[in-house]
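Down below is the structure, laid out as structure tokens.
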Amino acid sequence: MDRKLQDGLIDCSTDNEIVFKVCCEECNKTQFEIRKRFSKAGITPEKKEKIMFYHILYKREWEKLRDDAINKLNEQFNICPICKRMVCDNCFLICDEVDMCKSCAKILEEKGKSVSELE
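Listed below in structure tokens is the structure:
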């Protein structure tokens, strides 16, 4: 599941801010966003060597925020066992036999309640 969640992350980062977003593959709404200002944002390195250090530091902070995002996505998104799409709690239904996304439930004529309704 982590690989699917990682693939679903949209990197909207800039030089000053690290940002990841995720859109639900059912409703296409941005259902998740995490951001963090780069610790050295706005600082211009005086030496060439520091530029490389800043790149390494940025990559480290980027990877940390990406990992944090994936961990949080595990709590807020579901993978439909039928179509394998990543969907938000509003679009994922708890059904009698198998839980699934709204589209699959419609095709299979299944009834259920969304995860967000149960909370």
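In terms of the numbering used here, the sequence shown has 103 at position 92, counting the first letter as 1, and numbering is strictly consecutive.
C-beta: ideal position from N, C-alpha, C; glycine also.
Inset, instruction - Report, in whole angstroms, the separation of the C-beta atoms of residue 125 and residue 100, which I expect to be a contact under 8 Å. - result: Correct: roughly 7 Å between the Cβ atoms.
Inset, instruction - May I have the straight-line CA-CA distance separating residue 66 from residue 55, to the nearest angstrom? - result: In a straight line, the C-alpha of residue 66 is about 12 Å away from that of residue 55.
Legend entry - Three-state secondary structure (DSSP) of residue 23: Secondary structure of residue 23 (DSSP, three-state): coil.
Legend entry - Proximity of residue 84 and residue 16 at Cβ, strictly below 8 Å: Yes, the pair counts as a contact, with Cβ atoms nearer than the cut-off.
Inset, instruction - To the nearest angstrom, report how far apart residue 20 and residue 33 are at their CA atoms. - result: Going by the C-alpha atoms only, they are around 5 Å apart.
Legend entry - residue 106 - partner residues in DSSP beta bridges: For residue 106, which the question treats as bridged, DSSP gives the partners 123.
Inset, instruction - Specify the secondary structure class of residue 71 as computed by DSSP and reduced to three states. - result: Correct three-state label for residue 71: helix.
Inset, instruction - Compare the beta carbon distance of residue 115 and residue 90 with 8 Å and say whether it is the shorter of the two. - result: Contact flag unset, no.
Inset, instruction - Within 10 angstroms of the Cβ of residue 118, are there 16 or more other Cβ atoms? Answer buried if so, exposed if not. - result: That one is exposed.
Inset, instruction - Would you kindly report the start and end of the unbroken beta strand (DSSP E) that includes residue 134? - result: Past the edges of the chain, shown from 12 to 130, lies residue 134, and the structure says nothing about it.
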